[in-house]
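*Asks:* Quick one: structure below, then a few questions.
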Amino acid sequence: FIASGIISLLTSKKIKDSLKIKALNRLWHLGITMGILGFVYLFFAWQGVALLASRIWLIIWLITALIWLGFIGKYLLLEAPKLRKEIENKRKFEKYIP
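Position in the sequence shown (first residue = 1) + 2 = my numbering.
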């Protein structure tokens, strides 16, 4: 997760489209947050803390990551095209305004 977060951060620096940058920033936050939480779980499992190293936390972590990824996918597939269309309509309208 951390590697995917860093890759999305580095690729967002090269892109000039603001909507794609916003999606990549969301992926960066997902990767860094879930990566750090994964390392915290790994630490507790390594230390043998029974309550904090139980497998239920892995399931909760995975479900949270999938839900978060679903929101990012929703943004990319549903919201970004609508925003892109609104921006294009606004540019067409402002083209004729002096």
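Each residue gets a CB set at the ideal place from its N, CA and C atoms; glycine is no exception.
(1) Measure the C-alpha to C-alpha separation of Trp-48 and Lys-22 and round it to an integer number of angstroms.
(2) For Phe-3, which three-state DSSP category applies?
(3) How would you write the range of the alpha helix (DSSP H) that Lys-18 sits in, first residue to last?
(4) In the structure shown, what three-state DSSP assignment does Ser-56 receive?
(5) Would you identify the three-state DSSP class for Pro-83, choosing helix, strand or coil?
(6) Helix, strand or coil: which one does DSSP assign to Gly-50?
(7) By DSSP, does Ile-89 sit in helix, in strand, or in coil?
(8) Buried or exposed for Leu-104, going by 16 or more other Cβ atoms inside 10 Å?
(9) So does the stretch 66–73 actually touch the stretch 10–21, counting three or more Cβ pairs closer than 8 Å?
*Replies:* Checking against the coordinates, here is how it stands:
(1) To locate residue 48, count along the sequence shown from 1; it is residue 46. To locate residue 22, count along the sequence shown from 1; it is residue 20. About 38 Å.
(2) As a first step, residue 3 is located in the sequence shown; it is residue number 1 there, counting from the start. The answer is coil: DSSP assigns Phe-3 none of H, G, I, E or B.
(3) What you label residue 18 is simply residue 16 of the sequence shown in a count that begins at 1. Here Lys-18 belongs to no alpha helix (DSSP H), and DSSP marks it neither H nor E.
(4) Counting from one through the sequence shown, the residue named residue 56 turns up at place 54. Here Ser-56 sits in coil by DSSP.
(5) As a position in the sequence shown, residue 83 is number 81, starting the count at 1. Helix, per DSSP.
(6) Start at 1 with the first residue of the sequence shown, and residue 50 comes out as number 48. Residue state, collapsed to three classes: coil.
(7) The count along the sequence shown starts at 1 and reaches residue 89 at position 87. Note: Ile-89 maps to helix in three-state DSSP.
(8) Outside the displayed span of the chain (3 to 100) sits residue 104, for which this structure offers no information.
(9) no
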